[in-house]
Amino acid sequence: MTPPLLSVENLRTWFHTASGVARSVDGVSFVVNSGETLGIVGESGCGKSVTALSILRLIQAPGRIEDGSHIMFEGKDLVTLDDGAMREVRGNRISMIFQEPMSALNPVFTVGDQVAEVARVHGAGSRRDAWKRAVEMLTLTGIPSPEERAKQYPHQLSGGMRQRVLIAMALIMNPALVIADEPTTALDVTIQAQILELLSGLQQRLGTSILMITHDLGVIAETATRVLVMYGGEIVEEASVETLFGAAHHPYTEGLMQAMPQISESRERLNVIPGTVPPPTAWPSGCRFRDRCPYAWERCEQEHPPLYEISAGHTSRCHLAVEPERRAHPHLPLVEQTGAAV
Amino acid sequence: MNSDTPLLISAASRFGRRWIARDRATMVAAVLLLAIAIPCILAPIVAPHDPVVMPDPVGLKSKPPSDMYVLGTDKYSRDVLSRLLYGGRLSLSVAVLATLVSITLGTAYGAAAGYSRGLLRAALDRMLDALLSIPRLLLLIAIFAAWEDIPIGGFIVILGVTGWYGVARLVRGQVLALKAQDFVAAARALGSTQSRIFFRHVLPNVVTPVVVAATLGIGHVIVLEAGLSYLGIGVHLPTPSWGNMIHDGSDGIWGDWWMALFPGLAIVLTVMAFNVLGDALLRALQPRQQATG
Amino acid sequence: MAVFLARRISQGLIVVVLVATIVFFLIHAAPGDPFSAQMDNPAISESVREAWRKSFGLDRPLAEQYLRYVANVFRGDLGFSLSKHRPVIHVLGDAMPNTLLLMFTGLAGGFGIGIAAALAQVRNRGRAVDKILGGLSLAFLSVPDFWLALLILVAFSSWLAGFPIGGAVDPLNYESLGAGGKLLDRLEHLALPAVTLTLLYFPIIARHQKAALLDVIPSEYVTTARAKGVSERAVINRHALRNALLPIITLLGVAFPALLTGTVFVEKVFGWPGMGTVIVDSIGSRDYPLLTACVIFGSALVVTGSIIADILYRRFDPRLRDEL
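Protein chains in written order, with my numbering: chain A, 1 to 342; chain B, 1 to 293; chain C, 1 to 324.
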């Protein structure tokens, strides 16, 4: 087994604000292997974006990566790397694709300039070389008339094209890992499909690993080989994509699956997971999902569940792993009983 | 509208406690301002000497600071400290009153411009843009050079009348933004009349940036009046104002530095205090504004 | 672009005409003759006064005087300066270049130092540099223009260095200097007033620029730039600044009236032979034709400044460039 490309160990990113400490990422560990696509799925507020930003050390005050967190990449711990070396990594060995293509691009510089900037910053030759390389990347990402488009400004391009520009920016230095943070959320459904196809095609061509962050299970199904489900700043389930869709264990994952509307079904009401995500300044004791869980019992309040191993490569942070008989007695989640978290 | 007064007062006191007590610089500024303003207002009681009478035009002329004349005497043998106190009284009152005139006119015009439509709106907007392009100092110079003996009341009004355009633009912007907000539409859907909406919902939101503008504006007027007095067309001698004291003292500035230095320092400290307070006010009120936005 | 320019210029003309009208009626509505300083001289006989009145058209109805005046202005005839005994337009012609030179230097200095200060403050947020610069900014913002000018004059012409005490050139020796000497002389005389204006105006620029930068820095594209591996320095100096400069360009238009005010006082204190000195002198001598013309010119300058700012803004923001 080749060693993993990226190994995140006990990552904790906390935000020290005047109104308390928000533990947005609270002890997350996972690996990304070469050539694979790892998906991270969860609702907003679960900490997935913060995880992504933490890997590239893009967290700004009052946020901080706490001591005891390690992010091992190419033999170095990114958490303790000095600023200069970290900048070498960004855009070069690990790069990121952001969610909102319009706001992620600087409105006053041409698209070509912004793509070429990555190459310039990482010493890939003269301005002219960098520009040529940028145009090549734009061609690779399927942008028509790339020479002209490169000289245009972001506001002159459509949403789909801007996203392709972001992808070009992320791949121009042929990084080992690309972190895609909700790359299709801001796009129309038809464009979404094109972008995802583009990404997987480029991945095959260049051998890049992808960390795909999304709330959309459909995207996960299409692109990921392994999946992490995050909730409450933690990983609550880890499985291969087949296992996840075929035999999910954690009640939260179950809820997510059921919430997906199926075109084959005809129903009058959508399934929702009752309640809302608790605030990161005040995670509940014990299991963080218990107020919204249809199976929770006393143990869930008293004991914070560890990641139990269900089978090879499949873990779940749920006491049902050791007391599976409880699954036979679902009840109304606490949040529905009293109308508020207990 | 009477039922809203306690609301506004409690809001004001909440803000007062929040923004004055929180930041050290702001507290220093507030204390400084009081330290300057109170003695000035109480000048008739506190000043050691008469500001206008010339006790000894020959013997006491242009004396440096001493025990009896703490800040020295000017070239007419008058006590600089006393003149500074009386001058402050005058400069501060002029500035505050003129600013009051400005914000009243500005708010009225801005509200009218924000509420009007069509041709009237276009006309008001154009007028405002034009007025904003007139350099205030030059206009004031023209006015005060032409009219030499304006009583202090007229002086204040004219200062006020030339300074409301900024406030008007501010208020107009606020009114336009608020009109588009949902809570206004909601109020209207619930049956409130336009004027009730204005006084209950729009005006309180407009008050906050206007108060900030007023605080900073007082500082501007102090400097402006000083400038006019320095040029000889502001407050006329022998009545002291900080500006004309500098005018008096500017001839002798190479040797008798105290005559021009102290009034200038007084202006700098006072205006700095107003600026710091205005900034603190802006910071304290901004998050609220974002909440409604 | 042409349409836009035409619109702005015509708007500007309206403003100038408006100002001219206001000033005209103000001066003529004031008690006494516009030429009362000269008129009230008892040495001048009544017949001479009558003749003057007639020749200046003062015996005509006010409305007619006004129209004649406006027509004259558009023809380039701004009246006759009674205190300088020359046509107003000649007085202004001599004074304007000096004022423009000073204003331009003050503007360049103010913007240069202001932007540099804002960048330094933002890069060192919360540290000593930030607080010191902030304090200096505040102090210079609160200072009366003329007082600062006085202090600088005294400080640098007698106490500290030996800068000249006024004027634009050395009144005695200038003519006899060589070309290099003349340049040096001019620079020496320009130094103090220019420095004063810079100190007066950099705080406004610095404050607005700092606010604009702070506004822009949380933007997503700044995070993107960091994610690309761009150094923090370049992130602020290149990505953030370029966007934060846009509101500053607007400030250029707004800064003109303030700059004009400051220039008036600075010119007076330093004896700089520009429009400011002319204005102040004309107050003292009650030379109304001159004063009126100066106020009108001042407005025209302000309007021009704001038009230039508008044009620059459109050129610099690529989002607006196509809309022209």
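We put the beta carbon where it would ideally sit given N, CA and C, even for glycine.
I need the boundaries of the alpha helix (DSSP H) containing residue i, first residue and last residue.
i: D129 (chain B); result: 118-132
i: E225 (chain B); result: 203-231
i: R127 (chain A); result: 127-140
i: H16 (chain A); result: Taken as a continuous stretch (DSSP letters only), H16 (chain A) belongs to no alpha helix (DSSP H), being part of the beta strand (DSSP E) at 6-17.
i: V178 (chain A); result: From DSSP, V178 (chain A) is part of no alpha helix (DSSP H) but of the beta strand (DSSP E) over 177-181.
i: L150 (chain C); result: 145-154
i: Y66 (chain C); result: 62-75
i: S282 (chain C); result: 275-284
Residue i touches chain A at which residues, Cβ-Cβ below 8 Å?
i: S83 (chain C); result: Those do not exist, as S83 (chain C) stays about 51 Å from chain A at its closest Cβ, beyond 8 Å.
Pick helix, strand or coil for residue i, following the three-state DSSP scheme.
i: R57 (chain A); result: coil
i: S81 (chain C); result: strand
i: M103 (chain C); result: helix
i: T292 (chain B); result: Low local confidence applies: a pLDDT of 31 at T292 (chain B) is under 50, so the model's placement there is unreliable, with the coordinate-based value given in what follows. DSSP places T292 (chain B) in helix when its eight states are reduced to three.
i: R226 (chain A); result: strand
i: R292 (chain A); result: helix
i: F109 (chain A); result: coil
i: S95 (chain A); result: strand
i: K48 (chain A); result: helix
i: H189 (chain C); result: helix
i: K76 (chain A); result: strand
i: P39 (chain B); result: helix
Measuring only the C-alpha atoms, how far is residue i from residue j?
i: V335 (chain A); j: P324 (chain A); result: 22 Å
i: I283 (chain C); j: K210 (chain C); result: 39 Å
i: I158 (chain B); j: T99 (chain C); result: 28 Å
i: L139 (chain B); j: V276 (chain B); result: 29 Å
i: R128 (chain A); j: T110 (chain A); result: 15 Å
i: L394 (chain C); j: R172 (chain B); result: Residue coverage of chain C in this structure runs from 1 to 324, which leaves residue 394 (chain C) outside it and unanswerable.
i: H331 (chain A); j: P294 (chain A); result: 5 Å
i: E197 (chain A); j: R299 (chain A); result: 45 Å
i: P144 (chain C); j: A177 (chain B); result: 35 Å
i: S10 (chain C); j: P87 (chain C); result: 27 Å
i: G42 (chain A); j: G286 (chain A); result: 20 Å
i: L199 (chain A); j: K132 (chain A); result: 22 Å
i: H208 (chain C); j: M86 (chain A); result: 33 Å
i: I94 (chain A); j: V272 (chain A); result: 36 Å
i: T224 (chain C); j: V108 (chain A); result: 14 Å
Around the C-beta of residue i, are 16 or more other C-beta atoms found within 10 angstroms, so that it is buried, or is it exposed?
i: Q121 (chain C); result: buried
i: H189 (chain C); result: buried
i: T292 (chain B); result: Its pLDDT being 31, under 50, T292 (chain B) is placed unreliably by the model, and nothing is read from it.
i: K48 (chain A); result: buried
i: A155 (chain C); result: exposed
i: F74 (chain C); result: exposed
i: V227 (chain A); result: buried
i: A349 (chain C); result: Outside the shown range of chain C, which is 1 to 324, sits residue 349 (chain C), and nothing can be said about it.
i: M1 (chain C); result: exposed
i: L187 (chain C); result: exposed
i: I115 (chain C); result: buried
i: P204 (chain B); result: exposed
Please list the partners that residue i has in chain C, where partner means a Cβ-to-Cβ separation under 8 Å.
i: P209 (chain B); result: By Cβ distance, chain C contributes nothing, its closest Cβ being about 15 Å from P209 (chain B), past 8 Å.
i: N244 (chain B); result: Those do not exist, as N244 (chain B) stays about 12 Å from chain C at its closest Cβ, beyond 8 Å.
Could you check where the beta strand (DSSP E) with residue i kicks off and where it finishes?
i: A239 (chain A); result: 234-240
i: T239 (chain B); result: Counting along the chain, T239 (chain B) falls outside any beta strand (DSSP E), and DSSP gives it neither H nor E.
i: F30 (chain A); result: 20-32
i: F73 (chain A); result: 70-73
i: G63 (chain A); result: 63-65
List, in order along the chain, the chain A residues whose C-beta lies closer than 7 Å to that of residue i?
i: Y221 (chain C); result: S103, A104, L105, N106
Under 7 Å Cβ-Cβ, which residues of chain C neighbour residue i?
i: S250 (chain B); result: L150
i: S133 (chain B); result: V15, S299, V302, V303, S306
i: V335 (chain B); result: Shown here, chain B extends from 1 to 293; a query on residue 335 (chain B) therefore has no answer.
i: M348 (chain A); result: The structure shown has nothing for residue 348 (chain A), since chain A only spans 1 to 342.
Give me the chain B residues within the contact set of residue i, using Cβ-Cβ distance strictly less than 8 Å, ordered along the chain.
i: R286 (chain C); result: A145
In chain B, which residues lie less than 9 Å from residue i when you measure between Cβ atoms?
i: F265 (chain C); result: L137, G227, Y230, L231
i: V295 (chain C); result: I134, P135, L138, L139, I141, A142
Along chain C, in chain order, which residues have C-beta atoms closer than 9 Å to that of residue i?
i: G219 (chain B); result: L141, S142
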